[in-house]
Every structure is written in C-alpha cells, then in structure tokens.
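Asks: Chains as they are written, first to last, in my numbering: chain A, 1 to 375; chain B, 1001 to 1375; chain C, 2001 to 2375; chain D, 3001 to 3375.
Protein chains: 4
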Amino acid sequence: MTQKRKFGIGLIGSGFMGKSHALGFATARRVFDLPFEIDLALLADINATLADRAARALGFRRSTGDWRDLLAAPEVDAIDITTPNTLHHEMALAAIAAGKHVYCEKPLAPTAAQAKEMVDAAEAAGLATQVGFNYLKNPMVALAKQIIVSGEIGEIRTFRGIHAEDYMADPQAPWIWRLDPAGGGGALADIGSHILATARHLVGPISSLMADVQTLIRERPVSTGVAESRAVEVDDVARIFVRFANGASGTLEANWTAMGRKMQHDFEIYGSKGAILFTQERLNELQVYYAEDRTGRRGFRTVFAAPEHEPYGAFCVAPGHQIGFNDLKAIEVRDFLEAVAGGSPKGPDFREGYEIQRLVQLAYRSSAEKRWLDV
Amino acid sequence: MTQKRKFGIGLIGSGFMGKSHALGFATARRVFDLPFEIDLALLADINATLADRAARALGFRRSTGDWRDLLAAPEVDAIDITTPNTLHHEMALAAIAAGKHVYCEKPLAPTAAQAKEMVDAAEAAGLATQVGFNYLKNPMVALAKQIIVSGEIGEIRTFRGIHAEDYMADPQAPWIWRLDPAGGGGALADIGSHILATARHLVGPISSLMADVQTLIRERPVSTGVAESRAVEVDDVARIFVRFANGASGTLEANWTAMGRKMQHDFEIYGSKGAILFTQERLNELQVYYAEDRTGRRGFRTVFAAPEHEPYGAFCVAPGHQIGFNDLKAIEVRDFLEAVAGGSPKGPDFREGYEIQRLVQLAYRSSAEKRWLDV
Amino acid sequence: MTQKRKFGIGLIGSGFMGKSHALGFATARRVFDLPFEIDLALLADINATLADRAARALGFRRSTGDWRDLLAAPEVDAIDITTPNTLHHEMALAAIAAGKHVYCEKPLAPTAAQAKEMVDAAEAAGLATQVGFNYLKNPMVALAKQIIVSGEIGEIRTFRGIHAEDYMADPQAPWIWRLDPAGGGGALADIGSHILATARHLVGPISSLMADVQTLIRERPVSTGVAESRAVEVDDVARIFVRFANGASGTLEANWTAMGRKMQHDFEIYGSKGAILFTQERLNELQVYYAEDRTGRRGFRTVFAAPEHEPYGAFCVAPGHQIGFNDLKAIEVRDFLEAVAGGSPKGPDFREGYEIQRLVQLAYRSSAEKRWLDV
Amino acid sequence: MTQKRKFGIGLIGSGFMGKSHALGFATARRVFDLPFEIDLALLADINATLADRAARALGFRRSTGDWRDLLAAPEVDAIDITTPNTLHHEMALAAIAAGKHVYCEKPLAPTAAQAKEMVDAAEAAGLATQVGFNYLKNPMVALAKQIIVSGEIGEIRTFRGIHAEDYMADPQAPWIWRLDPAGGGGALADIGSHILATARHLVGPISSLMADVQTLIRERPVSTGVAESRAVEVDDVARIFVRFANGASGTLEANWTAMGRKMQHDFEIYGSKGAILFTQERLNELQVYYAEDRTGRRGFRTVFAAPEHEPYGAFCVAPGHQIGFNDLKAIEVRDFLEAVAGGSPKGPDFREGYEIQRLVQLAYRSSAEKRWLDV
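1) What residues from chain B crowd round Phe-2016 of chain C, counting only those whose CB sits closer than 8 Å?
2) Grouping DSSP H, G and I as helix and E and B as strand, with all else coil, what is Ser-3150 of chain D?
3) Check Pro-91 of chain A in the structure and name its three-state DSSP category.
4) Going along the stretch 3128–3146 of chain D in order, which residues come within less than 9 Å of chain B, judged by CB to CB distance?
5) Could you name the residues of the same chain whose beta carbon sits closer than 7 Å to that of Leu-1337 of chain B, not counting the 5 residues immediately before and after it, in chain order?
6) Go ahead and pull the three-state DSSP assignment for Ala-1238 of chain B.
7) Does DSSP put Ser-20 of chain A in a helix, in a strand, or in coil?
8) Cβ of Ala-2330 of chain C within 8 Å of Cβ of Ala-2142 of chain C?
9) Does the distance from the C-beta atom of Leu-3202 of chain D to that of Ala-3363 of chain D stay below 8 Å?
10) Residues of chain D with CB under 8 Å from Gly-250 of chain A, in chain order?
11) On a CA-only basis, which of C:Ala-2044, C:Thr-2082, C:Asp-2235 and C:His-2088 is nearest Ala-2072 of chain C? Give me that one, please.
12) Could you check whether the Cβ of Asn-1255 of chain B sits closer than 8 Å to any Cβ belonging to chain A?
13) Just to confirm, is the Cβ distance from Arg-3243 of chain D to Trp-3175 of chain D under 8 Å?
14) Starting from Ala-1262 of chain B, trace the beta strand (DSSP E) in both directions and tell me its first and last residue.
15) Could you tell me the alpha carbon to alpha carbon distance between Leu-3277 of chain D and Pro-2311 of chain C, rounded to whole angstroms?
16) Run down chain C in chain order and give the residues with a C-beta less than 9 Å from the C-beta of Ile-1046 of chain B.
17) Is DSSP giving Ser-366 of chain A helix, strand or coil here?
18) Mapping the DSSP letters down to three states, classify Ser-1193 of chain B as helix, strand or coil.
19) Along chain C, in chain order, which residues have C-beta atoms closer than 7 Å to that of Ile-1327 of chain B?
20) Would you kindly work out how many angstroms separate the C-alpha atoms of Gly-161 of chain A and Val-1076 of chain B, rounded to a whole number?
21) Which complete beta strand (DSSP E) runs does the stretch 18–79 of chain A hold, if anything under 3 residues is left out?
22) Using 7 Å as the cut-off, classify the Cβ of Met-3168 of chain D as near or not near the heavy atoms of the ligand SAM, replying yes or no.
23) Quick one, which of B:Gln-1003, B:Lys-1004, B:Gly-1013 and B:Lys-1019 has its alpha-carbon nearest Val-2317 of chain C's?
24) How far does the beta strand (DSSP E) with Ile-3009 of chain D in it extend, from its first residue to its last?
25) Only counting the same chain, and skipping five residues up and downstream in sequence, which positions put a Cβ closer than 7 Å to that of Gly-204 of chain A?
26) Would you mind stating whether Leu-3196 of chain D and Val-3360 of chain D have Cβ atoms separated by less than 8 Å?
27) Under 8 Å between C-beta atoms, does Gly-2309 of chain C make it to chain A?
28) Does the beta carbon of Lys-262 of chain A sit closer than 8 Å to a beta carbon anywhere in chain D?
29) Report the three-state DSSP secondary structure of Val-3232 of chain D (helix, strand or coil).
30) Could you tell me which chain A residues have their CB closer than 7 Å to the CB of Ser-1272 of chain B, listed as they occur along the chain?
31) What's the C-alpha gap between Thr-3198 of chain D and Arg-1297 of chain B?
32) Find out if the Cβ-Cβ distance for the pair Arg-2365 of chain C, Phe-3241 of chain D is shorter than 8 Å.
33) Assuming Ala-92 of chain A and Met-118 of chain A form a contact by the criterion Cβ under 8 Å, report the distance between their Cβ atoms to the nearest whole angstrom.
34) Would you mind telling me which residues of chain B sit closer than 9 Å to Gln-214 of chain A, beta carbon to beta carbon, in chain order?
35) Could you check whether Lys-2262 of chain C and Phe-1300 of chain B sit closer than 8 Å to each other, using their CB atoms as the reference points?
36) Out of B:Arg-1061, B:Lys-1116 and B:Gly-1065, which has the shortest C-alpha to C-alpha gap to His-1088 of chain B?
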C-alpha cells in the first residue's frame, strides 16, 4: 500500500450543507479507496468564532472568518462552496483564479450567464468541478440508469418527476433569503433544479419545454410573529412540460408548499418494455416492472439497496440495511476526487450545472411568455 | 313497508360496461333503500342471439337485437347506454325523445357540440340523466370531498391528478375502435375524462388550461399478428396545466401506455392546512395529512373505508372488508334513481358530462395551438 | 343455450352474513356460467316481519319467521345458514335430514364433536356442503396456492399467519353473544378459524401444535353505558406454533383487540426458492419473491388481481379494477353449486370445517395443558 | 469553548461491524456535542498487515496484529470489540482487568454464564459498558418508546416482533462459523437477540416464555461448490411466546432463511388506546394509530423521521431526508461516551446484554424441554 498524496479541502460554510459535506468527507475516506488522502485543511465561515467552533466540530485543522484566506492557502487543493447560491459565482471564480478545484452546492448560480462564466473559467483552467445534486449519487438512481441504459425497459417513452416538500407551506413562515428574487427564483430554482438534474441524468437532454410557475402565498411576515409583511416575488410551484432529445416526453414539477411532503423527489419512467418508480422518501428502494415477466406474475418489484448496487456495498456488506442522506454526499465526494484524479468524471460538473440553470431560466421565461421554448 | 313503484330499465350493450351496470342494478337493489323497485326489463345488443344470452346471464326479463325497441317499450322508464361513445348521441337523443330517463357511459359524446345537444334535450324534457364517471362514487372520494368542503385541510392550493393504465402500451396491440378519431380522441378522451371529472368534483370548475397531447405509438398492426399497419391519429398521453376558478392550480395527465399501471387513477390535493392522497389501485384507502397534528406525530393517515364513510356501510357493516369496482356502479345506480325520484341530484349528469367534454375538446385545441385557453 | 335446472335457495338469517350471501347469489348468477339457475326461494329470519322485509330487500320470493319451514319447502334445494354458530348444528342436521344440500357460515359448530356429527350426516346422505371461509375464495389466494403447488417458490419452509381486527379492542364495548363460551371460544374460534383455514388450504394438514390463548379484557359492561359488568371467559388473543405434515412449521395468531387493524388476515410463506406475502386489507394484491430473479433485480413483486387470475376475469375484464369482499361470496356460491352438480368440490366442505374445528379445540386444550399436542 | 479531554478508542476487528463502528465514531464526533474528544488511537486485527490497512482506511492512528496490545496502551480509554461473539468474553474481561471501558458487539457472549462474568467484572470495576444492539438507537424507536411511556396508546396489551433475513436461506450456502454451536446458537442467538432487545426496550422485562426452535436446513456444503457436507446443529428459525412483567403478552420470531427478507426487524405494539408499527426495512418511518382520532379520520399515520425526533436533527436539519444504518452506530457511540462521562446511561449495557443472553438460553431450554419457563 503506497502512501497517497494529500488533498486539502477548504470548506466555505458550515450550515446544513456544510455539515453534510464534512460528514461526506469523513465517511468517504473510510468507505472508499480514494485517489487521495483527504486533508480537512481549512474551514471558512462568516466570522472567526463561528468558523472556529465549526472547524472543531467538523474536524477541520484550521479555520478563518474570511473565505478569501482559502485562496492563498497552499495546502488547499479544492474549495468546497456550501453558501447561499448568490455567493457561488464570486467564490467559484476566485477559487478557479487561484487554481483550486471547485465543489459547489446547487443551484450553481442565480443566472445561467453567471453559471456560464463559471464553466468557462473552470474549463479554461483545466480544473475539476462538481455540483451538489446529491440525489443523483444514490445507488438506486444508478440502478435506474443502468436499467435504462441496458435497454431492460425498452425505449423510454414518458417521464414524470416531482420535487415537493412543505418547508414553505405555512403562510406564517416568515420571508427569508430563499425568497429573494436575486437568488434566481423560488421553488423551481431551489428544488426544481434537482428534478431537472434527475431528468437529464436518466433520460437525457431536454429539447423544448413549456412551463407554468406560480406564487401561491403572495406575502409573508417579515419575521416570525410580526404583523408587517413583505411581498413574495418568487414561485412556490412550477410545472413543466418537456420534450427530450431522444423523443421521450414528460412533466416536471417543483413545489415547496406541498403540505405533508418532506422529501418527495419522485420519478416514474415508462418504457416500451417496462417501468421504474422511485421516491426519495424511501431512498433505498427502487421499483421495477418488466412487461416480459410471465403472465400472472407481473408486478412492480421492490428492490432494496444491496451490495450489488454499487457503491452501496462500500457502506454495508449486507442488503437492506440502508444508507442515509449524508452518505449520498460521501459518494459525491468520491466522484469529485476521482474527477480531480483524472478519471472519467461522473458529474454533475459545472457544465451540467450550467445546463440545468439554463433550463431553470428558460422555464421562467416560458411561463412568463406563456409559450413553448426550444432549449 | 309500502310497495314501491316499479322502475323499468332498458340496457343497451352487454360488454364490459353493460355487465358492470347489470351487477350495479342487482347489488343496488339489495344494499340500498331505493326509491323504486328496479325492473330489469329489456336488454338490447347488436343481435338477437347475443342479446338473449346476455339477458339470461344478467337477469333481464326480455331481450332484443334492436335497441330502438327500448324506445317504444312502456315498461322501460330509463335507458342505460353502455355502447361505444360514438353511439351515445343518437341513442340518448332518441331515448329523451321517447321520454325516457338516461343513464349513459362516459365520455358523453365525441364532441362537446353533441354533448350540448344531449344536455339541452334532456333539460328541456325534464328528464334525469347520469353519466358513468364511476370513480366519483367511491366512498373514499366522498370522504375526500367532505374533508375539502369542511375546510379541514384549509384552502386548496394545488392538485395533481393522473389516470394511467397500460392497455395500449404494447406497440403490437392492434388498431381498435378506441383509436378512431371519430370517437373524439385517444387517451385524453377515454381516460383523461375521468381525471377531469375528479378534478372538477373535488376542486371545482377549471377556468383556463394549457395542454400537451402526443401520439407515442404512431402505427399499429391492423389486427393481431398481421404485418399490415395502420396509422394512429389519436393521443397516447396528454398533460394539462389547469387553473381552477377558486384560485387553485394543478396538473392532469392521461396515459394509456404507462407500462405496469393497471388503474392509476390517482390524485394529490394540497391545502393550506393539510393534504389528501388517493390511488384507485387501492380504492378502499384514503391518505390524509393534518398540519395541525402535534409536532412529532404528523404523518399521512391511511384511512380504510368503513361504515362511517357513506355508503360503504350499505355493503358491509365491518370496516376494512373492501368494496370492489362493480360496487361503485351500484352507488351510481342509486344516485341515478334518486335523481329520477326528484332528490337533489348527486350527478354527474349530462350537464357535467358536457362540461367535461368541453374541457377535453379545449385541451386538444390548446395542444394544437400551443397556448393557454380560457374555458 | 339449454334451459338450466332451477336450484332453490333457502336462506336462514339476514344480518351481516345473510346479506353478504344474498349479494353473492345475485352476483354469481350474473358473472358465472353456473350449473343451475338460482332461485332465491325462501328466506327465514327470527320473525315474520323482519323476514318479510329482508326478503324484499334481498330479492327472495317468499319469507318466513320459522326456519323449519325451509325443511318442508319442495322448491328449496339447499339451505344456507348464516346464523350465530351455536345454531348451525341443529339447523344443518335438520336440513340434511330433509335432504337439502347445506351451505353454512363458519365456524362450523362450537365443538368438534358437533361438527363431526354434521360431517357424518352430510356424507351419509350424499349431500353437498360448503363452509363460509370466504377468504379462501380470493383469486389472489388461488394464485398463492398455484405458486406453491407449481413449486415456483420451492419447498415450503415456514408460514406466518395472523387474523387481527379491533372490533373488541375497546374495553367499554359491551358483552355480546360472541363472548359466550357456549359458542366454542373467543378470538381463536371466531377469526382464528379463518387463518387456520388459510394455513391448511395453502400449506396442508397440521400435525402438531402448541397454543397460548389469553383473555386481555377480563370484564365488560353488560350493555353499552351500563356500570354493571360481566366477566369475559373467552380468549381475546391466541397464538399457535404449528408443524405441518409436509415438514413446514409456522405460527398463527388471532387477535380481536389489535387496535387499528380492520382486516389483517395476513400471511407470509417462505419457501426454498421464493416467498409470498398477502394482506386481506389489500385483497387484490399478492406479493411474490423469486430467488432466481437475477442479481440486483430481486424484490417482492406486487401483483394486482387481473383476468389471468381466475375467476377475477368473470367480474371484470380489466386488471387492477378490484373485486370486493362480497364478490368473494359470489365465488363461494359458484363453488358450492359446482359441488352440488357433482364437479370436483373445491371446498371447504363440512369435513374441512370439522378439521378446522378440531384444530381450534386442540389449541384451546394445548393452551390449558401448556403442552404440544399431536393432531 | 473549552478544550475537551481526549478519549482514546482501541478497536478490535475491522470487518462488517468494525467498519461500521469506525464510521460511527467519525460521524458522532461531527454531529454530536460529545463529552470527549474522540481519539481513534489503535486498531487491532488478526495480523499486522490487515490491521495496518484497516487503520489507514478507517482513520486510526496506529495498528497492531495483537489485540492484547490495546490493554497496555495508555492512550486507549475504551476497547471496542467487534469480533465474533465467541471471543467477546476473553477480550472484555481482559479489557476490564486493564481498566478500560468496553463497547462490545452483540450478542454479548455464547452463554449467559460468560455474560454474567462480564457484567460482574465491569460493575465491580465501575467501568462503562455498551452492547451493540444498534436498532435500539433509531430515533423512530425512541419515538415508539416515548409514545408508549407517555401513555398515548394506553396500556400495552400485545407485542409481535420478528427479525428475519435471508442470508442463510440458500441450502447451498456453505457451513460457516455462525453455525458453530460453540457460538451459543443459530438464528435466535444471532438475530433473535435483536428482537428480544427491542421487546425489552419497548415493553419491559419478560417474565416467562415458551419457545420452538428448529433447524430447517440440516446440512450444508463444507465450502462453496464442494460436495462434502457438514451437519447443521443450530437453529434456522425460532418462535417464542412471551409474557411481560407488566401483563402484556406477545410473540417473537427469528428466521435467517426468510427468502426475500433483507432486514425485517419489525414490531407491532397494540395498546388499549392505539398502536405502533415499525419495520427496519424503512427505518426512517414509524406508523402510529390513535383510537381517539375522530371517527372517519382514523388510520395509521406514517411519521417520517424529522428533527423533532431526537437525535435525527443532529444529522440533518430537514425532515424526511433519512439517516442510514451506520448513523445508528454514531448514536450508539454517543450513548456510550455519555455513559462513560457519568450521565444516566441509555444502555444497553453489559447487564442488559446479559439479560438478553439469559432469555436466549432460556428459549433454547424451553424448546428442548417443550415447556414454559419462568425467567
């Protein structure tokens, strides 16, 4: 066993996603044979105290209250951005300028134009990039893709995808940064981007779309329990008709007011010889139907994640024991590091993040113009 | 117990739906206290032999090979039409002209114009009408409506409905009458009308829509195992964005090529205080979520049909024992007879059948013109 | 089409089960090609008024307040007994003495000795008998049996069966006739007999057993809202270890205090090559697992009842539309009439009812003696 | 933020469970505010090469091929034993003698006598102990316990528990160490101990039991693909009737040949006012039924794990995102360290491990003697 090269991580942000990334690094290094030895080198947050506390908690060697310190740190090979998406553009461009690989949360940027600049910069610099569409990393989604690619369910005809949660369902939930139009949109940009990513990952490029986005809760308290309200300018729900380049068609939906839904990242894919059903609320299961099963014995099979579904086995040698949400981040970390090491990148990289952002932006335009748009 | 007046039924057709209606009559008279004594008087089918055999099997007193014989039969109070929908218009108008009440399978007619003539004739004659959108008769759908109307889940915000089956999924399945454009359309007209009916029943009138219909299998063998093929001119899949008059919005879908789906008449309804989920594949269950349930104990409740869900108790005094598809027809029969008897009609009557047909037609136009249309 | 011989039915009882049988006859004659033309000849109930009303409602030609009138009625070919089980013995013996075929609700009799007399009398007289263990009539149970018999899931190793409901779960639910020890027992006799019937039907004879029965609610109000209470002497829950003659082993349970359970007649059957799961709460589904399915694609298939699952197709030509509880009775009616007509009887006949009753009685003895008993 | 005291871990074993523990430590330190700073000090495995590789992979500072090296290492505060259970006794006693706290995989030891020695030694030495019945650590199991303890579902009446998998279902699966009677038994000892732990955790002490254990596959190949076979002397399936000290009763089952089952650690708990259902195959869900919900709206609620279900929120701030199997180990690690730090121990400690082992042993005796035994 040769000594691996150290690979230093500089993390910006230590909230929901920052912590999830930190867990991803910690787990990835234990379950996978990574191309590098991960060094949790430096953690930045909005002030030194917070950053220090987070660094201790999450196992980083050093901390800083100024994210720009990461740019100059020689031990930092890659910068991992888990801040709100309005900050991604500036940080990523700076990271790339400093020669760092970039791992960035989704959505990539508020606008496709910004995202494009980020792609161009990274590609010009020859740096690896990764965007945190973590649901794509699920072994059950990999299984879905394998089933599709192998032709097991025939030619794909139709897709139905949704990403619905209820974290914005309460009209008394106060106005927050997610509602700022500067972020590029509402439910569609925030969670609709996930289902767009899944649709592209599994079925392929979208060639045209027609969208309908809507604000359901038109004003919200400026803060909890306060009478003063502020207008909401972004969408609560978005629906999209799509045509895929391969001839398939479908619908996508994003909804952050779907009362009772906690993580309904669901898809249904119908082919000429079978079908696949999935819900992220039961992320360790995939349902598969084969028309060729014999008469009287046909039905959707509930397949539980098992070692034969790569890379589940890295986490657990026994089937049905289940991986969790944070484990998806560990797979994402592995894929990022393999991309850095020059393997065939599994993505989604910045280019893919940009393609998704283009679709988000196009969907908003389609809805505003009330017409189909080519991609 | 006073003797009830006899009410004679003349049934046209004895196929899938004809048999289901006959079972509906036989069951309805045993489980409900109907306003009339049902007399299964006369059954018509395309020839005398077939009609005779069906009459014996289904318990009708007489039979005929000519449906027009029903018009003149004095013992026939209502004509029940279960033939393909291209025949509904002529038969219903003749029945109305003969002073008979009319119970007709869905969709009401191939065109909204024909449906309108049928409504006008029936209303002018003061006759009762019923259209066989039987899924509306499910006690669990009645429960959903009760939950919505009572305000238990607050203001309705979004609706997602689908009616998907796979009976046309096999490209080798031969061309059949259902594919004849003269019938008014394909999947949308045939099964999409069901989900439109459900959407209107539960959420109310639709004020505007934008549709996308598509033919997925563009040609089919002229008959089983034959090389010669015939072009398919009607839709296999249809998706619709809708705005309801009450401000809610949603999507509807019809798909008869959804491999693996047998009876996916599903809906999800999200309100400001809760949500409802339903699938016809488990027709004796409704899932309900209440945001007001206390923290840590919230979740969709799986409610099984029980005697407290009217009229389940008429079929069975014990909960969870389950009613079947044909039992829905028995409820429809009851509602029709109560409408005849002058009670407040539960519908859907011809007017409602026409409204649904207008939506079907409008959706085809919207898709062709690629734009939103007001209803 | 030749004219069929009329076959007169004399029904005793018009409560829950009486009505269900009446629906069974009405449906059976419409969906099956029966060997006879059913004549709903005579209905008996505890007084003339009640019987008259029931006869009108359920479609019987005549009624009587004295069940013994059925014995002498020449138009009655078979007597159908749906009264409480303490009355079965006397009624069935009288029916047999009168030369009538007998269709009797379960459990056959309070004691195995009584049941044996009934078997002996019926067999000596050469009359057909049927016992109402209706869950055996489900096309999905027939599918389970077909899967087992065909060897598809290999040699059967273990069985887990339960029949749980909650109709006695409330301690304030008053004392009722079901709690009278004269009826032969409590939950085990009442609903445990169903799961014993299923176990024998699917896996075969039981060779030895060890039981544990228990009274959970030791006293109940004498009637609703009354302070006075009465001791409960029968079991609320029963558990049984079993060995089957074919070498398989298993557990059975009956529980009528299982809060939240409405119709949990469930079984799990594990074989050397696969497994089957079923719950009566979703009676139109069967889950099947095949170990031979290829790696990575194994999982329980949810098979929906479809025309290929005999006799579902008699009720509906389309899959997934679902039959209901009362439809199971229609299948039972068919099987009874075919047994009368001399076909190979599908049962369960009185002999089978007696075998089940023996097991019930043996289980009570095993629990009292706290030891294994051979059957 | 004060500097925490370092707490050194010495891990023995790096297989399935060793890796899971290592992940547990890595995650626990990032998600919880632990009383100590974890130091992954020393890892032992059966030889130096294997141990070295594992130490690098799992993030331990040093490694050794001799587990006894851990005893003398001053930086090791606790020894974590993940070896086969025949080795637990010797290792734990040595660890205790060396003054180390002990964290040990389940089952605690092959015999209750050995387990008792381990308890006595640990208690005499005043050291903290933890046994790896990790399913108890699930926030959903904690929720179940909270619901029971609070009285929300009333007095507990009945329990049904099972732990079934299929890893020994194939008769061609070769003889392995798990089948060695020296290990203390088969399916009951291996996985039945899990469901015994759950039963005790949720319902309380068992006062008497009656068991039935059975070997289903009586011989197996000595190794894969070899004709020579070896007799199997341990149980494949075990069923137990139990009486709890609080008056509740129930059944437990263990089965490692249940074809199709991957992680069926399921329980059903029925109380006088409600019920709870759980399956480990969907570990982030709990189903709860309240009899007091209003008529027509009662049903099992599917509650998804959420931040309000402690300690789910430590892993993820959003509901429904799901934790995985290895995360349960992180919670176990936290509980162990808190016990070390002198908080009220959440267990299961060695005493509890011993109580479970006594039940395992008693169940074997009960089955052999075919009689009920008091605990």
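All residues carry an ideal CB built from backbone N, CA and C; glycine is no exception.
Replies: According to the data block:
1) Cys-1316, Val-1317 and Ala-1318
2) coil
3) Looking at the sequence shown, residue 91 of chain A is not Pro but Met. Of the three classes helix, strand and coil, the one that applies to Met-91 of chain A here is helix, per DSSP.
4) Leu-3143 and Gln-3146
5) Phe-1007, Leu-1034, Pro-1035 and Phe-1036
6) strand
7) helix
8) no
9) no
10) Within chain D, no residue comes near Gly-250 of chain A; the closest Cβ sits about 24 Å away, beyond 8 Å.
11) C:Ala-2044
12) yes
13) no
14) Residue 1262 of chain B is actually Lys in this sequence, not Ala. It is not in any beta strand (DSSP E) - Lys-1262 of chain B carries neither H nor E in the DSSP assignment.
15) 34 Å
16) Correct list: empty, because the minimum Cβ distance to chain C is about 17 Å.
17) helix
18) helix
19) Just to set this straight, residue 1327 of chain B is Asp in the shown sequence, not Ile. Going along chain C in sequence order, the residues near Asp-1327 of chain B (Cβ under 7 Å) are Gly-2324.
20) 50 Å
21) 37–44 and 62–64
22) Within the structure as shown, the ligand SAM is missing, as the structure has no ligands at all.
23) B:Lys-1019
24) 3006–3012
25) Phe-244, Ala-245 and Asn-246
26) yes
27) A small correction: the amino acid at residue 2309 of chain C is His; Gly does not occupy that position in the sequence shown. For His-2309 of chain C, the answer is yes, since a Cβ of chain A falls inside 8 Å of its Cβ.
28) yes
29) coil
30) Pro-171
31) 21 Å
32) no
33) 5 Å
34) Thr-1158, Arg-1243 and Ser-1249
35) no
36) B:Lys-1116
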